[in-house]
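Each position in the sequence shown, counted from 1, maps to that position plus 36 in my numbering.
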Amino acid sequence: MSSLADFQNSIYLQGLGDVRPALPTDLTRLEGLAERSLSAQAFGYVAGSAGTGATARANREAFDRWRIVPRMLRDVAERDLSVEVLGTAMPSPVLLAPVGVQSILHPDGELAVARAAAAEGVPMVLSTASSYSIEDVAEANGEGPRWYQLYWPKDRELAVSFLERAKAAGYTALVVTLDTFTLAWRPRDLDQAYLPFLRGIGVANYFSDPVFQKAIGGPVTDANRDMALLHWVANFGNPSLTWDDLIFLRDHWDGPIALKGIQHPDDARQAVDAGMDGVIVSNHGGRQVDGAVASLDALATIVDAVRDQATVLFDSGIRTGADVAKALALGAKAVMVARPYAYGLALGGQAGVQHVLRCLQAELELTMVLAGITRPSELSLETLVRA
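Here it is as structure tokens:
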């Protein structure tokens with residue numbers, strides 16, 4: 037049986053021909069390389085965090101508070117990292133998180149990511165704020181598994197149109213981001229006076245939408261571009277949403293729904309009560325609330341709160357295979373990775389994204405088997421100790 041860890045062997049074998057990886061296999065090094073490669077505006081937008089960056093730092097520090105306890109003399113010859121999450125089969129419990137405006141990183145943006153995800157069999161979650169349309173990304177993704185992430189606009193007719201387009205284009209699960217009804221105070225972007233959306237980047241799904249176009253009197257052209265951007269500003273976030281509004285989603289989406297941005301167990305319980313299929317423990321990579329709880333610190337209490345009534349996923353801070361293992365041991369069924377693959381995209385396009393996925397999954401498998409574990413379901417609190 038093929039193994040995700042075979043990627044390690046392929047690297048060593050290529051080394052016999054004096055061929056080395058084009059990008060580092062230590063994914064924590066990608067950020068520094070991306071900073072040297074990208075414009076200050078593009079890098080700042082992706083790497084930046086809310087306020088002082090305290091939450092982003094806390095996300096990483098939280099992983100250091102847990103240590104894996106390897107177990108010996110366990111038969112780990114046969115291993116299987118595959119899982120099924122929200123009806124989607126995947127080779128490992130790793131997904132590509134929604135990341136907007138990817139064309140500021142690479143001209144092919146989400147198209148390259150979609151091709152990379154399909155090539156590796158890994159689900160991608162397309163952001164509403166993508167540089168390419170729902171349909172174009174689906175075409176690039178082909179038969180690959182894909183989910184759609186919704187930034188819930190004020191215009192409900194527009195929201196329904198987004199959902200209908202996503203369903204028609206083969207996106208099977210819906211991720212609803214709750215924590216970004218307005219943008220946080222992000223000094224890196226503010227110091228550059230840079231918001232890509234106001235420059236027409238990351239608005240492809242809006243500009244291509246028939247409901248959006250109807251509202252501005254027709255397709256977006258140079259003549260009405262400013263009007264289109266103002267209409268985007270008026271519709272992007274909806275601060276008046278409440279738990280009661282989730283009924284609307286259920287009425288217009290017949291697949292699995294996961295709420296992203298859950299950080300409190302009471303909110304997780306309310307998600308279950310509202311009939312949601314999943315919750316994603318996330319603080320948006322530290323991009324929204326400065327000084328917020330680290331996602332990993334919130335994970336276990338949320339798992340306890342929902343028990344088996346909803347699927348718990350995790351993001352914010354994942355950089356290594358060991359990080360993935362720790363999040364799974366604390367109860368997540370799968371994790372989403374964002375900045376590492378964004379940096380891979382910036383540095384190598386589709387190949388860069390595939391490199392990140394292969395490294396992360398190979399390291400996860402090796403971490404697990406060296407700890408005496410052959411399947412994600414075997415990871416538990418017994419795998420860890422507090423540092």
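The C-beta atom is built at its ideal place from N, Cα and C for all residues, glycine as well.
Across the structure, LEU402 and ASP100 are spaced so that their CA atoms are roughly 19 Å apart.
In the DSSP annotation of this structure, the continuous segment of the alpha helix (DSSP H) that includes GLN386 starts and ends at 375 to 406. Around the beta-carbon of LEU335, 16 or more other beta-carbon atoms lie within 10 Å, marking it buried. According to the DSSP assignment, TRP102 belongs to the beta strand (DSSP E) that extends over 102 to 104. Taking a contact to require three or more Cβ pairs closer than 8 Å, the stretch 170 to 183 and the stretch 407 to 415 do not qualify as touching.
Taking the Cα positions, PRO60 is about 13 Å away from ARG355. Each residue's CA atom was taken as its position, placing GLY367 and VAL348 some 7 Å apart. Judged by DSSP in its simplified three-state form, ILE409 adopts coil rather than helix or strand. For LEU131, the enclosing beta strand (DSSP E) starts and ends at 130 to 132. Distance between ARG56 and ILE104, taken at the CA atoms: about 30 Å. Per DSSP, reduced to three states, the secondary structure at VAL256 is coil, with no helix or strand assignment. Here ASN241 is buried: its Cβ has 16 or more other Cβ atoms, across all protein chains shown, within 10 Å.
Non-local C-beta neighbours of GLY80 in its own chain, meaning closer than 8 Å and more than five positions away in sequence, comprise ARG224, ASP225, ASP227, GLN228, TYR230, ordered along the chain. Here VAL421 is exposed. Its C-beta has fewer than 16 other C-beta atoms within 10 Å. Using a 10 angstroms sphere on the CB of ALA398, the tally of other CB atoms reaches 16 or more, which defines it as buried.
For the pair LEU199 and ASP351, the Cα-to-Cα distance works out to about 23 Å.
DSSP places ALA176 inside the alpha helix (DSSP H), whose first and last residues are 170 to 177. Note that the C-beta distance between ASP326 and THR91 is below 8 Å.
Distance check between ALA98 and each of LEU396, ARG394, ASP359, GLN390 places ASP359 closest, using alpha-carbon atoms only.
Distance from the CA atom of ILE237 to the CA atom of LEU132, rounded to whole angstroms, is 20 Å. With a 10 Å radius around the Cβ and a threshold of 16 neighbouring Cβ atoms, THR419 comes out buried. Secondary structure at GLU120: strand, using DSSP grouped into helix, strand and coil. In this structure the stretch 287 to 304 touches the stretch 202 to 212; the number of beta carbon pairs closer than 8 Å is three or more.
LEU40 and SER46 have their C-alpha atoms some 11 Å from each other. Just measuring C-alpha positions, the residue of ILE409, GLY408, ALA78, ALA382 sitting nearest ALA58 is ALA382.
Annotated three-state conformation of PHE350 is strand, per DSSP. Put simply, the stretch 119 to 137 touches the stretch 369 to 378. At least three CB pairs are less than 8 Å apart. For TRP221, the number of other beta carbons within 10 angstroms of its own is below 16, and it is reported as exposed.
Comparing alpha carbon positions, the residue from ALA423, HIS320, LEU234 closest to SER163 is HIS320. Counting only runs of 4+ residues, the alpha helix (DSSP H) found wholly inside the stretch 231 to 285 occupies 240 to 243, 246 to 251, 261 to 271, in chain order. Counting along the chain, no alpha helix (DSSP H) covers GLN324, and no H or E run does either.
Listed as beta-bridge partners of THR64 by DSSP are no residues whatsoever. Contact annotation: MET126 and GLY157 have beta-carbon atoms nearer than 8 Å. Under the three-state reduction of DSSP, LYS362 is assigned to helix. A residue is called buried when at least 16 other Cβ atoms come within 10 angstroms of its Cβ; GLY388 meets this threshold and is buried. For PHE243, the closest of PHE272, ALA365, ASP302 by C-alpha to C-alpha distance is PHE272.
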